[in-house]
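Read left to right, the sequence shown gives residues -18 to -1, 1 to 369 (mature numbering (1 follows the signal peptide of the UniProt record, and there is no 0)).
Virtual Cβ for every residue (Gly too), placed ideally from N, Cα, C.
Being a predicted model, the structure only gives us computed values, none of them experimental.
For reference, the structure is listed below as structure tokens.
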Amino acid sequence: MWCVMFPNLLLLLVRTHAISFPEDTTALDIVDRHYSRQYPVFRGRPSGNESQHRLDFQLMTRIQDTLFIAGRDQVYLVSLRESYRNDITPYRKLTWRSGQADRETCALKGKHRDECHNFIKVLVPRNDDLVFICGTNGFNPMCRYYRLDNLEFDGEEISGLARCPFDAKQTNVALFSDGKLYSATVADFLASDAVIYRSMGDGSALRTIKYDSKWLKEPHFLHAVDYGNYVYFFFREIAAEHNNLGRVVYSRVARVCKSDVGGSQRVLEKHWTSFVKARLNCSVPGESFFYFDVLQSLTDIINISGVPSVVGVFTTQLNSIPGSAVCAFSMPDIEKVFEGRFKEQKTPDSVWTPVPDDRLPRPRYTPLSLSLSLSRSYSFIIFIFKL
């Protein structure tokens, strides 16, 4: 079983006595909800009939000076050089619908015809010339390359398995780093196989272990960033360390090493050997901490006072007092956290406890440890696998 890293910095005990919702800080400015009516609106089609055309917004990303807005069967391109008064009008549109055979198969699987469209769920630049786009394609995910200059289809369709979800309602993230695609999604029709996956480019594909709740347990993937020697994934999931307390949701950050080559034929073959994760703690300190455990969205890496950081929106648990908060985490602090202590669960019913330092093989896994002797690297992989 894989290790789950919960350093002391982020692992805090939940108090058992009653707590009250923290008071809001004084706002710098407050505007009425109608204030947003002054902004221009994007409807998908210029002067189109909204009742006949559903946008079904899925994602939005900026590439150079163009905003790509992806929805059902369509990708719209909006120039960021233009100013808009009432309606935001796209200057170009890409249409990619599910094939007839895929729609028929989708219906045979018991899905409503509205679910059998091609919902665009992945849209990431491969380089300065190509953009990589994946869609659900009637619950048969597929991917394509398109040219950025004219949106012409380039090459052949490739499978979207483990790169794109089957269902528009499922969350996912994807990015390219060093020519390789890092994706996080579900890899089967029933959405039971959650996966963090590396594919394309040089080297073999790597993934998380199937159906192991200590790796991933019903995750909702929200964002991924490329930072230093690692790719970081931000998500929320059912907390495996609280199985005895019901379905408690925790927010996580996981990372994988970009130079990870996978395990051997004896252990973790074609699987990550560098995967670790930690809890994101967004809470209000005091006599009793008040937690905002449910990550909803996250920024790219931004500079806050000169420090690379990410900022997230968090909410409370469903059975808690409704509330939300914004928390910032510096990337150096996150890196430091992953040098902290591991925790393990010795039996399915036991509590999670820190792993003694004398049981941890030396040196720990780092990008530089790939140059170690095979026996020393293998001992660390075995340690990880048996936790």
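Contact annotation: the stretch 81 to 92 touches the stretch 120 to 133, with at least three C-beta pairs closer than 8 angstroms. In this structure, L277 keeps its C-beta atom at 8 angstroms or more from the C-beta atom of V292.
Burial is judged here by how many other beta carbons sit within 10 angstroms of a residue's own beta carbon; I303 has fewer than 16 and is exposed.
At the C-beta level, A173 and Y179 stay beyond 8 angstroms of one another. According to DSSP, Y209 shares a beta bridge with Y212. If you draw a straight line from the Cα of K252 to the Cα of D208, it comes to about 21 angstroms. In this structure, the CA atom of Y21 is about 27 angstroms from the CA atom of V106. The continuous stretches of alpha helix (DSSP H) do not include A156, which lies in the beta strand (DSSP E) extending over residues 155 to 159. The beta carbon of G161 lies closer than 6 angstroms to those of G183 in the same chain, with the five residues before and after it left out. Rounded to the nearest whole angstrom, the CA to CA distance from V308 to T87 is 43 angstroms. In this structure, the alpha-carbon of F311 lies about 32 angstroms from that of F148.
Annotated as distal: S195 and R218, with beta-carbon spacing of 8 angstroms or more. Pairwise C-beta distances place the stretch 109 to 117 out of contact with the stretch 58 to 69, as fewer than three of them are shorter than 8 angstroms.
Per the coordinates, the alpha-carbon of G53 lies some 11 angstroms from the alpha-carbon of K75. Excluding its 5 nearest sequence neighbours in each direction, F203 has C-beta neighbours in its own chain below 6 angstroms: T153, N154, V155, A166, F217, listed in chain order. A distance of 8 angstroms or more separates the beta carbons of A236 and V319. When DSSP states are grouped into helix, strand and coil, Y17 belongs to the helix group. Taking 8 angstroms as the cut-off, the beta carbon of I45 is found no closer than this to the beta carbon of V60. In terms of Cβ geometry, V231 and A222 do not form a close pair [threshold 8 angstroms]. The beta carbon of V238 lies closer than 6 angstroms to those of V213, W254, S256, F257 in the same chain, with the five residues before and after it left out. Judged by DSSP in its simplified three-state form, L105 adopts strand. Secondary structure at T87: helix, using DSSP grouped into helix, strand and coil. Beyond the five residues adjoining it in sequence on each side, A176 comes within less than 6 angstroms, by CB distance, of V168, L198, P201 in the same chain, given in chain order.
Taken atom to atom, the span from the alpha-carbon of G245 to that of P314 is near 28 angstroms. Scanning V266, V333, I286, I284 for the CA closest to the CA of T7 turns up V266.
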